[in-house]
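Peer 1: Can you keep this structure in mind? I'll have questions shortly.
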Ligand code: AMP
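In this note's numbering, the protein residues as written are 1 to 424.
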């Protein structure tokens, strides 16, 4: 569908054209008409689906129609500073031919600077939860004129424990405000929140799981924990033209991996909770400018970040939840492009990995590299030998079963066990 078919203001259409968007994405086609009509929406939409434009464009369009007071009329809440900054950048891009003004606030900066900026007739505010709550407590923000509220990445907001802050906002804004709730996944907590706060809602589900499984080649290496770092640097070196995000569950592992890759001479950036806000934003900007080949990130810091045309995501370890896995791999295969997601699974992680496969109802392709162990195969052999010995002790010569081939999908070609352009 073309954007002009949605009846958007020509100032917005011109800005969209500057962004070189040809057609709407599925989520935009579904969502924009509803927000234009001020209906509450619940959307299951991952980052990379074009969800930001799906709420920003209709809100801008509706605000343009009124062009009344200089009050704060739209509020967008995001879980992380990085995502908040990114959303605001989108607003700036789409509103460039209008007089509408937006601003972004987040923790870690001087609150007085926010107060000064909020006095400048801002129409749309993007904020992280903690900073917004701080302003509400000290009464330095006025939400009395809010007409549009967006909760972006609601699953992450709730996972991070911000339910009280969200409720505080909901109690402060006018009851008739239109609310949009976006979430990459729909756990019970998000569903409950959505049921509670959305009035006669429209539900849209851009089939996340299908998207993840069909557009992203998901592969798994069964490997010992100790060998992971060597496999990682080997794969990155081998696919030297591509860029990678390497995910780790903890900041500790993230730091270890980052230090080790840097030591090995790879151009790396990192993104983890201990870094200052400025340092985190700098890492993202540099990575977007292709100044490094690898970004090592923890789950939380990388949520919602949009890095265009990323070739490959590597799960250095298995995340704590299926939702985190979906978020991680959502960083590749964006905007219709194919991507690759590789998971390194050590013996201790096999169970968690199987839970992910089962939930997604998708069997990932098992791959291995020559020179590295295949732990699943090794483990199968170990089990087999143990069984044989036990049987031998009890019933002499009673075994002699056929040698079973280990279950492993061999790749074609010699040492090229894996190549990210291999599209199986
Ligand atoms: P989002 O899911 O909002 O993070 O958007 C992911 C990426 O898709 C961003 O880089 C957007 O600029 C881009 N994008 C959004 N809408 C479109 C569209 N209709 N056509 C092409 N790219 C788009």
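The C-beta atom is built at its ideal place from N, Cα and C for all residues, glycine as well. Given the structure is predicted, the values throughout are model-derived calculations rather than measurements.
Hey, out of 286, 367 and 273, whose CA is closest to residue 254's CA?
Peer 2: If we check each option's Cα against that of residue 254, 273 comes out closest.
Peer 1: Which residues in the same chain have their Cβ closer than 7 angstroms to the Cβ of residue 268, if we skip the five residues on either side of it in sequence?
Peer 2: 258, 261, 262, 292, 294 and 296
Peer 1: Near residue 320, what residues of its chain come up, given a Cβ to Cβ distance below 7 angstroms and the 5 sequence neighbours on each side ignored?
Peer 2: These residues qualify, in order along the chain: 249.
Peer 1: Starting from residue 98, trace the alpha helix (DSSP H) in both directions and tell me its first and last residue.
Peer 2: No alpha helix (DSSP H) contains residue 98, which DSSP labels as neither H nor E.
Peer 1: When you compare the stretch 191-203 with the stretch 341-349, are there three or more beta-carbon pairs, one atom per stretch, that lie closer than 8 angstroms?
Peer 2: no
Peer 1: Bridge partners of residue 105, per DSSP?
Peer 2: 127
Peer 1: With a threshold of 8 angstroms, are at least 3 pairs of Cβ atoms found where one atom belongs to the stretch 160-171 and the other to the stretch 69-80?
Peer 2: Enough Cβ pairs lie closer than 8 angstroms, so yes.
Peer 1: Between residue 87 and residue 74, how many whole angstroms is the CB-CB distance? I'm expecting something under 8 angstroms.
Peer 2: With a Cβ gap of about 11 angstroms, residue 87 and residue 74 do not count as contacting.
Peer 1: Can you grab the Cα-Cα spacing for the pair residue 373 / residue 361, in whole Å?
Peer 2: 27 angstroms
Peer 1: Using a Cβ-Cβ cutoff of less than 7 angstroms, which residues in the same chain neighbour residue 264 once the five nearest sequence positions on both sides are dropped?
Peer 2: Around residue 264: 233.
Peer 1: Does DSSP put residue 251 in a helix, in a strand, or in coil?
Peer 2: helix
Peer 1: Less than 7 angstroms between C-beta atoms, sequence neighbours within five positions excluded: which residues of the same chain meet that for residue 303?
Peer 2: 79, 80, 83, 153, 156 and 327
Peer 1: So does residue 316 have its beta carbon nearer than 7 angstroms to some heavy atom of the ligand AMP?
Peer 2: Every heavy atom of the ligand AMP is 7 angstroms or more from the Cβ of residue 316, so no.
Peer 1: Measure the alpha-carbon distance for residue 206 versus residue 27 and round it to whole angstroms.
Peer 2: 6 angstroms
Peer 1: Less than 8 angstroms between the beta carbons of residue 316 and residue 344, yes or no?
Peer 2: yes
Peer 1: Terminal residues of the continuous alpha helix (DSSP H) containing residue 161?
Peer 2: Unbroken run through residue 161: none, as it is neither H nor E.
Peer 1: Let me know if residue 252 comes out buried or exposed under the rule of 16 or more other beta-carbons within 10 Å of its beta-carbon.
Peer 2: exposed
Peer 1: At the level of alpha carbons, what is the spacing between residue 35 and residue 147?
Peer 2: 11 angstroms
Peer 1: How far does the alpha helix (DSSP H) with residue 357 in it extend, from its first residue to its last?
Peer 2: That run of the alpha helix (DSSP H) goes 350-360.
Peer 1: Hey, would you say residue 179 sits closer than 8 angstroms to residue 40, going by beta carbons?
Peer 2: yes
Peer 1: Measuring alpha carbon to alpha carbon, tell me which residue in 370, 105, 181 and 134 is nearest residue 45.
Peer 2: The shortest C-alpha separation from residue 45 is found at 181.
Peer 1: Just the Cα atoms here: how many angstroms apart are residue 358 and residue 136?
Peer 2: 43 angstroms
Peer 1: Verify the contact flag: residue 320, CB atom, against every heavy atom of the ligand AMP, threshold strictly below 7 angstroms.
Peer 2: For the ligand AMP, not one heavy atom lies less than 7 angstroms from the Cβ of residue 320.
Peer 1: Using only the heavy atoms of the ligand AMP, determine whether one of them is closer than 7 angstroms to the beta carbon of residue 205.
Peer 2: no
Peer 1: Would you report the Cα separation of residue 115 and residue 70, rounded to the nearest angstrom?
Peer 2: 16 angstroms
Peer 1: Would the beta-carbon of residue 23 be found less than 7 angstroms away from any heavy atom of the ligand AMP?
Peer 2: yes
Peer 1: How about residue 53: is its Cβ closer than 7 angstroms to a heavy atom in the ligand AMP?
Peer 2: yes
Peer 1: For a quick check, are the C-beta atoms of residue 103 and residue 93 less than 8 angstroms apart?
Peer 2: no
Peer 1: Excluding the 5 residues preceding and the 5 following residue 414 in the sequence, name in chain order all residues of the same chain whose CB lies nearer than 6 angstroms to its CB.
Peer 2: Low per-residue confidence applies at residue 414: pLDDT is 32, beneath 50, and the placement is therefore not dependable, though the value from the model is reported in the following sentence. Excluding the 5 residues flanking it on each side, residue 414 has no same chain C-beta neighbour closer than 6 angstroms.
Peer 1: Can you find a heavy atom of the ligand AMP that lies under 7 angstroms from the Cβ of residue 28?
Peer 2: For the ligand AMP, at least one heavy atom lies less than 7 angstroms from the Cβ of residue 28.
Peer 1: Measure the CB-CB distance between residue 425 and residue 23 and report whether it falls below 8 angstroms.
Peer 2: The question about residue 425 has no answer here: the residues shown for the chain are numbered 1 through 424.
Peer 1: Restricting to Cα atoms, I'd like to know which of 174, 150 and 130 is closest to residue 142.
Peer 2: 174
Peer 1: Give me the Cβ distance between residue 54 and residue 76, rounded to the nearest whole Å; I'm assuming they're in contact under 8 angstroms.
Peer 2: Not quite, the Cβ-Cβ distance comes to about 12 angstroms (not below 8 angstroms), so this is no contact.
Peer 1: So, helix, strand or coil for residue 148, using DSSP?
Peer 2: strand
Peer 1: Can you tell me which residues form a DSSP beta bridge with residue 89?
Peer 2: Answer is none; residue 89 lacks a bridge partner.
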